[in-house]
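Student: Remember, the working numbering sits 96 above the position in the sequence shown when you count from 1.
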Amino acid sequence: MRILWSLGLWGLLAGFYTHPYAQDVPMQVEGPVKLTLEGGIQLQANRLTFVKLFNGRDLSGWKAYLADPNAKMEDVWRVEDGILICKGMPLGYLYTEKDYKNYILRLEWRWAPGKQPGNSGVLLRVHGEHKIWPRSVEAQLMHLNAGDFWLIDGAPLETDPEYVDKNAPRHRWRKKSVEKPAPEWNRYEIIVYNDRVILRVNGETVNAGTGAEVVAGKIALQSEGGEIHFRNIELIVLE
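1) Confirm, please, whether the CB-CB distance from residue 254 to residue 306 is below 8 Å.
2) Whole angstroms is fine: what's the gap from residue 261's alpha carbon to residue 176's?
3) Residue 244 to residue 204, Cα distance in whole Å?
4) Put residue 188 into one of helix, strand or coil per three-state DSSP.
5) Contact defined as beta carbons within less than 8 Å: I believe residue 157 pairs with residue 193. What is the distance between those atoms, to the nearest angstrom?
6) Can the beta-carbon of residue 290 be found closer than 8 Å to that of residue 198?
7) Just to confirm my understanding: we take residue 267, look at its own chain, exclude 5 residues before and 5 after, and list those with CB closer than 6 Å. What are they?
8) To which residues of the same chain is residue 274 closer than 6 Å at the C-beta, ignoring the five residues directly before and after it?
9) Drop a sphere of 10 angstroms on the beta-carbon of residue 126, count the other beta-carbons inside from all chains shown, and report buried for 16 or more, exposed for fewer.
10) Identify the residues that DSSP records as bridge partners of residue 284: which are they?
Have a look at this one:
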């Protein structure tokens, strides 16, 4: 069995995506493969597939759901200089055309320079009816709250009881705050594997839970009231 350390896997992407067209072609590593995470957590897969979810040019591979039925995706989301920009209104989300079940997701975000930071989130394993908001586990992006969990529409997740918000039990606080001040870029690494979800912000594990629904679903980025920028949205699919 090949043994790799997941956070070092991204180094394999660097050479592969140097070619301007390679980013549109998934790269696979055949297994079986064992990934060892911080804390000794192990993941296993028969195949790893590296995917650029955002190609840096347009919104290929994405769809949008917006609370305003008259709004269009391009009214809220646009691409400039390799950056995916979300205006923040109306409420809604950009979601992947494909479903994913087990994966390691990495992305970078920042709040728009010169504007007030706001709210957003990464929705994991989105399934069921499209609405505001769909059943999913949210990896919070609200300014100064990155790394919190929100459990949406009854989505289950067991976390450390000490970090459950007693006033809103579906809200689970992060164990530490390592978010950089706006408008600096921050990095999320999100591990979704079987019933486990782990959130890492800027290289540090800040939250984790078990008991999540083991279903394939969309990955979504929220439009929730503040202009937010994304880049380098990459995925390692564990098959």
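For glycine and all other residues, C-beta sits at the position ideal for the given N, C-alpha and C.
Note that the coordinates shown come from a computational prediction; the quantities given were computed from them, not determined experimentally.
Tutor: Taking the coordinates as given:
1) On the sequence shown, position 210 is the one that residue 306 refers to. On the sequence shown, position 158 is the one that residue 254 refers to. Cβ atoms of residue 306 and residue 254: closer than 8 Å.
2) Working through the sequence shown from its first residue, we reach residue 261 at position 165. Working through the sequence shown from its first residue, we reach residue 176 at position 80. Rounded to whole angstroms, residue 261 to residue 176 spans 38 Å at the Cα level.
3) Indexing the sequence shown from 1 puts residue 244 at position 148. Indexing the sequence shown from 1 puts residue 204 at position 108. Taking the straight line from one Cα to the other gives about 16 Å.
4) Your numbering for residue 188 matches position 92 in the sequence shown. It is a strand residue.
5) Numbered from its first residue, the sequence shown carries residue 157 at position 61. Numbered from its first residue, the sequence shown carries residue 193 at position 97. Yes, they are in contact, since the Cβ atoms of residue 157 and residue 193 sit about 5 Å apart, within 8 Å.
6) As a working note, residue 290 is residue 194 in the sequence shown. As a working note, residue 198 is residue 102 in the sequence shown. The answer is yes: Cβ separation under 8 Å.
7) Taking the first residue of the sequence shown as 1, we reach residue 267 at position 171. Contacts found: 246 and 261.
8) The count along the sequence shown starts at 1 and reaches residue 274 at position 178. Taken in chain order, the residues that qualify are 297, 298 and 300.
9) If you number the sequence shown from 1, residue 126 lands on position 30. Exposed.
10) If you number the sequence shown from 1, residue 284 lands on position 188. Partner(s): 203 and 297.
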